[in-house]
Amino acid sequence: NAGVTQTPKFQVLKTGQSMTLQCAQDMNHNSMYWYRQDPGMGLRLIYYSASEGTTDKGEVPNGYNVSRLNKREFSLRLESAAPSQTSVYFCASGRTGEGTEAFFGQGTRLTVV
Amino acid sequence: AQSVAQPEDQVNVAEGNPLTVKCTYSVSGNPYLFWYVQYPNRGLQFLLKYITGDNLVKGSYGFEAEFNKSQTSFHLKKPSALVSDSALYFCAVRGTTGFQKLVFGTGTRLLVSP
Numbered sequence: 001n002a003g004v005t006q007t008p009k010f011q012v013l014k015t016g017q018s019m020t021l022q023c024a025q026d027m028n029h030n031s032m033y034w035y036r037q038d039p040g041m042g043l044r045l046i047y048y049s050a051s052e053g054t055t056d057k058g059e060v061p062n063g064y065n066v067s068r069l070n071k072r073e074f075s076l077r078l079e080s081a082a083p084s085q086t087s088v089y090f091c092a093s094g095r096t097g098e099g100t101e102a103f104f105g106q107g108t109r110l111t112v113v
Numbered sequence: 001a002q003s004v005a006q007p008e009d010q011v012n013v014a015e016g017n018p019l020t021v022k023c024t025y026s027v028s029g030n031p032y033l034f035w036y037v038q039y040p041n042r043g044l045q046f047l048l049k050y051i052t053g054d055n056l057v058k059g060s061y062g063f064e065a066e067f068n069k070s071q072t073s074f075h076l077k078k079p080s081a082l083v084s085d086s087a088l089y090f091c092a093v094r095g096t097t098g099f100q101k102l103v104f105g106t107g108t109r110l111l112v113s114p
């Protein structure tokens with residue numbers, strides 16, 4: 001019963017380095033999301049994918065890119081990390097067009113120094 | 001565009017007392033509404049949702065929420081708080097027409113004292 005799996009759980013990057021956060025879900029969900037969580041800001045949507053083959057910007061997309069590799073996987077890439085991208089990143093998935101809840105991964109804690 | 005407001009950063013309540021965590025929303029048309037809980041260093045766990053029908057929704061761990069369309073609110077409640085309920089609570093909204101993204105509030109920290 002894996003649900004939504006994120007890797008890695010922790011990462012420290014130097015400013016300017018790049019990395020990809022991986023997310024996979026095994027619930028056959030159409031929609032997938034990437035959020036970042038910062039103190040006092042709640043969860044802010046970075047990018048989302050309504051279905052396989054589509055991606056769209058959320059509230060805070062600058063500095064990020066995404067790939068919906070297939071129905072299961074949705075990755076988030078930081079091309080040139082900045083200290084402002086220090087955050088906890090959550091991936092979520094859910095069914096499209098229904099009142100079903102989203103399911104969240106355990107998060108990736110990223111520190112950019 | 002949809003949005004959620006959680007006006008209280010923190011709610012303090014004594015164990016055994018009733019608790020309320022407030023949420024108001026804005027969305028075009030009818031909403032889907034959700035409450036999630038987050039314990040330290042964990043992901044978000046689903047508590048309950050409103051889709052349609054009865055305005056009082058019951059969820060996990062004895063929590064319930066009341067949907068009020070005229071006040072555009074969806075407050076989370078529990079009749080008798082437990083110390084173990086101490087956590088961060090998030091309200092979220094999504095529109096019901098077509099695909100609409102899930103938008104969260106800023107969260108409310110609930111602190112239940114013994």
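Keeping their order, the protein sequence lines are chains A and B.
Going by our numbering, the first sequence opens with residue 1, and the numbers climb by one from there.
Going by our numbering, the second sequence opens with residue 1, and the numbers climb by one from there.
C-beta: ideal position from N, C-alpha, C; glycine also.
Own chain partners of residue i with C-beta closer than 6 angstroms, once the 5 adjacent residues on each side are dropped
i               : result
Ser60 (chain B) : Leu47
Gln6 (chain B)  : Cys23, Cys91, Gly105, Thr106, Thr108
Heavy atom of the ligand MG within 7 angstroms of residue i beta-carbon
i               : result
Asp85 (chain B) : Absent from the structure shown: the ligand MG. Ligands present: none.
Assigned secondary structure, residue i (DSSP; H/G/I helix, E/B strand, else coil)
i               : result
Pro79 (chain B) : coil
Gln85 (chain A) : helix
Asp38 (chain A) : strand
Asp85 (chain B) : helix
Tyr61 (chain B) : helix
Ala5 (chain B)  : strand
Chain B residues whose Cβ lies nearer than 7 angstroms to that of residue i
i                : result
Gln106 (chain A) : Arg42, Gly43
Met27 (chain A)  : Going along chain B, no residue has its Cβ under 7 angstroms from Met27 (chain A), so there is no contact; the nearest lies around 13 angstroms.
Tyr48 (chain A)  : Lys101
Gly58 (chain A)  : Lys101
7 angstroms CB neighbourhood of residue i in its chain, flanking five on each side removed
i               : result
Glu15 (chain B) : Ala81, Leu82, Val83, Val112, Ser113, Pro114
Reference residue i, options the options, closest by Cα
i                : options                             : result
Lys22 (chain B)  : B:Phe90, B:Thr52, B:Val103          : B:Phe90
Asn70 (chain A)  : A:Val4, A:Ala2, A:Gly3, A:Ala24     : A:Ala24
Pro79 (chain B)  : B:Glu66, B:Tyr39, B:Thr72, B:Leu88  : B:Glu66
Thr86 (chain A)  : A:Arg72, A:Pro39, A:Gln106          : A:Pro39
Pro31 (chain B)  : B:Ala87, B:Ser86, B:Gln71, B:Lys77  : B:Gln71
Gln2 (chain B)   : B:Phe74, B:Asn55, B:Gly29           : B:Gly29
Leu102 (chain B) : A:Ala92, A:Gln106, A:Val88          : A:Ala92
Leu76 (chain B)  : B:Glu64, B:Asp85, B:Asn68, B:Gln100 : B:Glu64
Closer than 7 angstroms at the beta carbon, the chain A residues around residue i
i                : result
Lys49 (chain B)  : Gly99, Glu101
Gly107 (chain B) : Gly42
8 angstroms Cβ cut-off: residues of chain A touching residue i
i               : result
Thr72 (chain B) : Per Cβ cutoff of 8 angstroms: no residues; Thr72 (chain B) is ~17 angstroms from chain A at best.
Tyr32 (chain B) : Gly99
Phe90 (chain B) : Gly42, Leu43
Where residue i meets chain B, residues with beta-carbon distance less than 8 angstroms
i               : result
Tyr33 (chain A) : Lys101, Leu102
Legend entry - Validate contact between the stretch 48-57 of chain A and the stretch 28-37 of chain A using beta carbons, cut 8 angstroms, 3 pairs: yes
Inset, instruction - Check whether the stretch 88-107 of chain A touches the stretch 32-49 of chain B, counting contact only when three or more Cβ pairs, one atom from each stretch, lie closer than 8 angstroms. - result: yes
Legend entry - the stretch 70-85 of chain A / the stretch 15-22 of chain A touching (three or more Cβ pairs under 8 angstroms): yes
Legend entry - contact_flag[the stretch 8-15 of chain A, the stretch 32-46 of chain A] where n(CB pairs < 8 angstroms) is 3 or more: no
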